[in-house]
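I have placed the structure first, in the form of structure tokens, so that the comments after it can refer back to it.
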Amino acid sequence: MPVPVVIPVKPLAEAKMRLSPVLDRQGRATLAAWMLDRTLAAVAAARIGPIRIVGGDPQVVRIAQTHGALTLPELGQGLNDSLARALELVRGVDREACIVLAADLPRLTSEDIRQLWLASEGGRRGVLAPSYDDGTNALVVPAGCVFHPSFGGDSRHSHRKFFEKQGCAVREIKTHGLLNDVDRPGDLVDLMKNLPPGDARNLAQLLQLKRLRSVR
Numbered sequence: 000m001p002v003p004v005v006i007p008v009k010p011l012a013e014a015k016m017r018l019s020p021v022l023d024r025q026g027r028a029t030l031a032a033w034m035l036d037r038t039l040a041a042v043a044a045a046r047i048g049p050i051r052i053v054g055g056d057p058q059v060v061r062i063a064q065t066h067g068a069l070t071l072p073e074l075g076q077g078l079n080d081s082l083a084r085a086l087e088l089v090r091g092v093d094r095e096a097c098i099v100l101a102a103d104l105p106r107l108t109s110e111d112i113r114q115l116w117l118a119s120e121g122g123r124r125g126v127l128a129p130s131y132d133d134g135t136n137a138l139v140v141p142a143g144c145v146f147h148p149s150f151g152g153d154s155r156h157s158h159r160k161f162f163e164k165q166g167c168a169v170r171e172i173k174t175h176g177l178l179n180d181v182d183r184p185g186d187l188v189d190l191m192k193n194l195p196p197g198d199a200r201n202l203a204q205l206l207q208l209k210r211l212r213s214v215r
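Sequential numbering of the sequence shown, starting at 0, is according to numbering that gives the first Met the number 0.
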């Protein structure tokens with residue numbers, strides 16, 4: 000059965016503020032757009048269900064359209080409130096299962112998405128895919144489970160506690176593509192080192208990077 004994939008996205012001009020030490024505003028917006036494009040390509044390749052983007056700006060809409068994704072406006076105040084309202088629409092009155100995914104996963108593959116869904120046992124179990132700093136890069140909201148997102152610092156533990164409080168079984172999954180987001184300068188350094196050489200050169204040219212020192 001198809002499962003919707005919901006991806007919250009900020010307007011690109013507001014994205015990746017923690018990368019300010021190494022990228023200017025245009026560079027941060029360019030990187031965010033590049034990562035969103037790669038994330039959506041992986042989700043589309045997984046052919047798991049419809050893709051819904053929450054928020055963004057006209058450029059985000061254009062990127063979404065190239066991958067067959069539809070965009071929803073921000074319906075609330077802030078990320079978590081807006082996402083919660085969007086999930087109500089997407090899940091419907093029956094509270095169908097769905098996937099929530101971060102937009103900044105440049106090493107994500109279609110197999111990562113399939114493994115995430117497989118771990119949910121067809122949407123019967125909640126699944127958390129944490130980031131290295133105890134955030135949440137992806138999750139599966141199981142069918143019938145009430146859910147209110149708590150993205151931000153330490154969201155991994157907040158989401159686990161919420162699932163458990165609701166009586167929803169939950170497990171965690173860690174894959175290379177789901178763990179590796181890009182929030183801090185050190186994350187960008189690591190990405191540039193581990194991309195295929197051609198991709199790394201292209202990204203460096205896109206961001207107009209001449210040198211990126213190893214900082215955290």
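Backbone N, C-alpha and C fix where the C-beta goes; we use that ideal spot for every residue, glycine too. Only a predicted model underlies this, so the values are computations on that prediction, with no experimental measurement involved.
> Which first and last residues belong to the alpha helix (DSSP H) in which G176 is found?
Replying inline: 175-178
> Can you pull the DSSP bridge partners for C144?
Replying inline: C144 is not bridged to any residue.
>> Quick check: the Cα distance between G151 and G197, rounded to an integer number of angstroms?
In response: 33 Å
> How many whole angstroms separate the CB atoms of A142 and A128, which I take to be in contact at a CB cut-off of 8 Å?
Replying inline: 18 Å between Cβ atoms; not a contact.
> Skipping 5 residues on each side, what residues in its chain have a beta carbon closer than 8 Å to that of I172?
Replying inline: Q114, L115, A118, V126, L127, A128
> By the 10 Å Cβ neighbour count, where 16 or more other Cβ atoms means buried, how is V145 classified, buried or exposed?
Replying inline: exposed
>> What does DSSP give as the partner residue(s) for L138 in the beta ladder?
In response: V99, L127
> If you compare alpha carbons, which of P195, L205, V188 is closest to P20?
Replying inline: V188
>> My assumption, with CB atoms under 8 Å, is that T29 sits in contact with L205. Please give the rounded CB distance.
In response: 6 Å
>> For P10, list the residues DSSP reports as bridge partners.
In response: In DSSP, P10 forms no bridge with anything.
> Roughly how many angstroms separate the alpha carbons of G77 and G122, rounded to a whole number?
Replying inline: 27 Å
> Would you report the Cα separation of S154 and A101, rounded to the nearest angstrom?
Replying inline: 13 Å
> Can you tell me whether N179 is buried or exposed, with buried defined as 16 or more other CB within 10 angstroms of its CB?
Replying inline: buried
> I98 to I50, Cα distance in whole Å?
Replying inline: 9 Å
> Taking the runs of the alpha helix (DSSP H) that are 4 residues or longer, which of them lie wholly in the region 151-205?
Replying inline: 154-164, 175-178, 184-193
>> Between the alpha carbons of D182 and K164, how many angstroms are there, rounded?
In response: 30 Å
> Are S109 and A45 closer than 8 Å when you measure CB to CB?
Replying inline: yes
> Mind checking E73: buried by the 16 CB within 10 Å criterion, or exposed?
Replying inline: buried
>> DSSP three-state label for I50, please.
In response: strand
>> Within 10 Å of its beta-carbon, does T174 have 16 or more other beta-carbons around it, so buried, or fewer, so exposed?
In response: buried
> Do you know offhand how far S149's Cα is from L22's?
Replying inline: 28 Å
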